[in-house]
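So the structure is just underneath, and the comments pick up after that.
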Amino acid sequence: MSYQRPKGTADLLPGEIEKWQFIEETARLLFSDYQYQEIRTPMFEHIEVITRSVGDTSDIVTKEMYDFYDKGNRHITLRPEGTAPVVRSFVENKLFGPEYTKPYKVYYTGPMFRYERPQKGRLRQFHQIGVEAFGSENPATDVETMMMALAYFEQLGMSEFHLVINSLGDPETRQNYRQALIDYLTPLKDELSEDSQRRLNENPLRVLDSKDKRDKQFVADAPSILDYLSEPAKKHFDEVVAMLDALEVPYQIDSNMVRGLDYYTHTIFEIMSDAKGLGAQNTLCAGGRYNQLVAELGGPETPGFGFAIGMERVLLVLEAEGVELPTSHQLDAYVVNLGEVVNLEALKVVQKIRQAGFSADRDVLNRKAKGQFKTADRLNATLVLTLGESELESGMINVKAMATRKEIQVPLTAIYEDFGAVYDQMTKEEGE
Ligand code: ATP
Ligand code: MG
Numbered sequence: 003m004s005y006q007r008p009k010g011t012a013d014l015l016p017g018e019i020e021k022w023q024f025i026e027e028t029a030r031l032l033f034s035d036y037q038y039q040e041i042r043t044p045m046f047e048h049i050e051v052i053t054r055s056v057g058d059t060s061d062i063v064t065k066e067m068y069d070f071y072d073k074g075n076r077h078i079t080l081r082p083e084g085t086a087p088v089v090r091s092f093v094e095n096k097l098f099g100p101e102y103t104k105p106y107k108v109y110y111t112g113p114m115f116r117y118e119r120p121q122k123g124r125l126r127q128f129h130q131i132g133v134e135a136f137g138s139e140n141p142a143t144d145v146e147t148m149m150m151a152l153a154y155f156e157q158l159g160m161s162e163f164h165l166v167i168n169s170l171g172d173p174e175t176r177q178n179y180r181q182a183l184i185d186y187l188t189p190l191k192d193e194l195s196e197d198s199q200r201r202l203n204e205n206p207l208r209v210l211d212s213k214d215k216r217d218k219q220f221v222a223d224a225p226s227i228l229d230y231l232s233e234p235a236k237k238h239f240d241e242v243v244a245m246l247d248a249l250e251v252p253y254q255i256d257s258n259m260v261r262g263l264d265y266y267t268h269t270i271f272e273i274m275s276d277a278k279g280l281g282a283q284n285t286l287c288a289g290g291r292y293n294q295l296v297a298e299l300g301g302p303e304t305p306g307f308g309f310a311i312g313m314e315r316v317l318l319v320l321e322a323e324g325v326e327l328p329t330s331h332q333l334d335a336y337v338v339n340l341g342e343v344v345n346l347e348a349l350k351v352v353q354k355i356r357q358a359g360f361s362a363d364r365d366v367l368n369r370k371a372k373g374q375f376k377t378a379d380r381l382n383a384t385l386v387l388t389l390g391e392s393e394l395e396s397g398m399i400n401v402k403a404m405a406t407r408k409e410i411q412v413p414l415t416a417i418y419e420d421f422g423a424v425y426d427q428m429t430k431e432e433g434e
């Protein structure tokens with residue numbers, strides 16, 4: 003019992019891991035085309051980094067943190083999300099300095115930790131790929147970043163997803179809207195869920211994010227934040243919308259959408275999958291603008307825009323949509339070796355092949371020929387080289403191309419001197 007993995011975690015095994023590598027690699031290539039560079043921050047942080055950024059009343063801070071005191075009595079938490087740590091790093095390393103390109107654009111990938119009720123697409127250790135762009139207030143940054151996220155899902159082969167946007171405005175907007183929301187919700191207070199009654203006092207905007215069924219009814223009729231946007235906030239949002247239109251990017255506006263994190267300002271967005279069978283866990287990507295966060299963590303006023311993608315959900319959606327991903331890796335050569343006398347020569351052969359830049363493996367268990375051929379098959383080997391006592395004596399080795407069944411004998415020296423030529427000869431199509 004105690005030797006089982008903790009609840010809400012997963013072992014990513016060979017066979018499955020190839021899919022992870024593929025979706026990560028696709029992100030790396032795409033994001034680097036957009037001039038994002040990778041950043042790696044620690045898996046744990048001083049808790050203030052998170053509480054200060056994400057907000058004291060957020061679900062993450064009130065319920066979901068993996069926090070503890072270390073042996074030096076420091077209050078530490080495993081990171082529940084990627085933005086706050088990256089902003090902390092941006093400030094601490096003075097990445098706003100004149101020697102750095104502006105906007106400063108980074109992406110990250112790795113595990114995040116939240117103590118929540120595990121379900122399909124909801125884990126306690128889950129994985130995100132996210133990006134942050136620092137230093138641009140331009141609505142074009144909002145639009146190109148959202149388009150990059152959309153392009154990612156397209157490149158992976160998804161087709162059923164949609165973009166939802168909203169604006170949370172600036173501090174002036176928030177203040178006006180907060181009061182309107184309190185006025186609307188206070189008479190309904192007794193009918194709200196317990197959580198939302200508490201949220202109403204602490205941070206009424208959070209009520210909009212409630213997952214409770216009854217709360218959702220009231221939320222549907224709540225005043226719209228878009229009616230409370232200050233003039234600069236309205237201008238920013240109108241420009242984002244106009245740019246999306248001009249680039250013919252389909253989107254929906256949901257004025258009741260808020261995000262679980264306090265740091266957002268202006269544009270926020272989610273990309274949701276419409277594939278069947280995902281339940282409530284259909285949000286693939288979430289993000290937006292955070293113009294106050296860098297200053298909040300002690301840096302100079304610097305606008306930011308970013309998003310995070312949930313990788314487990316990406317894989318669930320790809321499966322639900324029936325998208326085929328690479329699963330097996332390929333082997334160039336397998337060396338079948340028969341009898342202990344050829345053990346050393348087999349070692350030489352397999353090493354020479356690897357040194358020539360090909361993938362290769364061999365039997366090391368002294369198995370019978372049949373077992374070794376079976377392994378070669380399972381590994382999907384392109385060539386099988388067979389080395390026995392008689393081959394060793396004559397200095398030859400048998401080479402077979404598994405696809406065509408073509409078979410030849412070549413001198414061992416040919417393998418040692420130019421395996422590439424042997425490989426080409428065996429894999430070239432007839433008549434070419
Ligand atoms: P939700 O409303 O589903 O709890 P969230 O608002 O807490 O999501 P964010 O903090 O915005 O999520 O994280 C961005 C993305 O990371 C989500 O859209 C989702 O794809 C993924 N994600 C968040 N929490 C989890 C989790 N516990 N397990 C798996 N993926 C997650
Ligand atoms: Mg959540």
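Numbering (this note's numbering) for the sequence shown: 3 to 434.
In this text, a Cβ means the ideal position worked out from N, Cα and C, and glycines have one as well.
Here the alpha carbon of Pro8 sits roughly 25 Å from the alpha carbon of Ser60.
Excluding the 5 residues flanking it on each side, Gln332 has same chain C-beta neighbours closer than 8 Å at Ser361, Asn382 and Thr384, in chain order. The beta carbon of Ala224 is closer than 6 Å to those of Tyr186 in its chain, skipping five residues each way along the sequence.
Three or more Cβ pairs closer than 8 Å define a contact, and the stretch 350-359 falls short of that threshold against the stretch 305-325. Set against 7 Å, the gap from the CB of Glu314 to the closest heavy atom of the ligand ATP is smaller.
Contact between Val338 and Asp365 holds: their C-beta atoms lie close to 6 Å from each other, under 8 Å. With a minimum length of 4 residues, the unbroken runs of alpha helix (DSSP H) contained wholly in the stretch 256-302 fall at 295-298. Tyr106 has its alpha-carbon roughly 17 Å from the corresponding atom of Val145. Set against 7 Å, the gap from the CB of Phe128 to the closest heavy atom of the ligand ATP is smaller. Less than 8 Å divides the Cβ of Leu158 from the Cβ of Thr28.
Gly10 sits in coil when the DSSP states are folded into three classes, being neither helix nor strand.
Secondary structure at Ser232: coil, using DSSP grouped into helix, strand and coil. For Leu263 and Pro16, the gap between their C-alpha atoms comes out near 35 Å. Taken through DSSP and simplified to helix, strand or coil, Asn339 comes out as strand. For Arg315, the enclosing alpha helix (DSSP H) has its first and last residue at Met313 to Ala322. Cβ neighbours of Thr53 within its own chain (closer than 7 Å, five residues either side excluded): Val63. Counting only unbroken stretches of 3 or more residues, the beta strand (DSSP E) elements lying wholly within the stretch 131-175 are 163-169, in sequence order. Measuring C-alpha to C-alpha distances from Arg407 to each of Ser392, Asp379 and Phe421 identifies Asp379 as the nearest. Taking all protein chains in view, the Cβ of Met45 is surrounded by fewer than 16 other Cβ atoms within 10 Å, so the residue is classified as exposed. At least one heavy atom of the ligand ATP lies closer than 7 Å to the C-beta of Glu83. Along the length of the stretch 60-113, whole beta strand (DSSP E) runs at least 3 residues long occupy 69-71 and 77-80, reported in chain order. In this structure, DSSP gives His238 a helical state, which the three-state scheme calls helix. In this structure, Leu207 has its beta carbon at no less than 7 Å from each heavy atom of the ligand ATP. Here the stretch 77-89 makes contact with the stretch 128-141; the two share three or more CB pairs at distances below 8 Å.
Ranked by Cα distance from Trp22, the options Gln39, Arg356 and Leu320 are led by Leu320.
Nearest to Ala371 by alpha-carbon distance, out of Tyr36, Thr147, Val386 and Ile355, is Val386. Under the 10 Å beta carbon count, Lys402 is surrounded by 16 or more other beta carbons and is classified as buried. Counting C-beta pairs with one atom in each stretch, the stretch 179-199 and the stretch 216-223 have three or more that are closer than 8 Å, which means they touch. With the rule of 3 Cβ pairs closer than 8 Å, the stretch 271-281 does not count as touching the stretch 225-236. Not one heavy atom of the ligand ATP sits closer than 7 Å to the Cβ of Thr269. By the Cβ rule, the stretch 244-255 does not count as touching the stretch 112-127, because fewer than three pairs are nearer than 8 Å.
A contact between stretches requires three or more CB pairs, one per stretch, nearer than 8 Å, and the stretch 148-156 fails this requirement with the stretch 93-108. Here Gly308 carries a strand assignment [DSSP, helix/strand/coil]. Residue pairing for Lys402: DSSP places it in a beta bridge opposite Val386 and Glu409.
The shortest CA-to-CA distance from Ser169 to any of Glu298, Thr415, Val243 and Arg30 is the one to Val243. Sequence-distant Cβ neighbours of Arg201 in its own chain, meaning closer than 6 Å and more than five residues away, are Arg208 and Val209.
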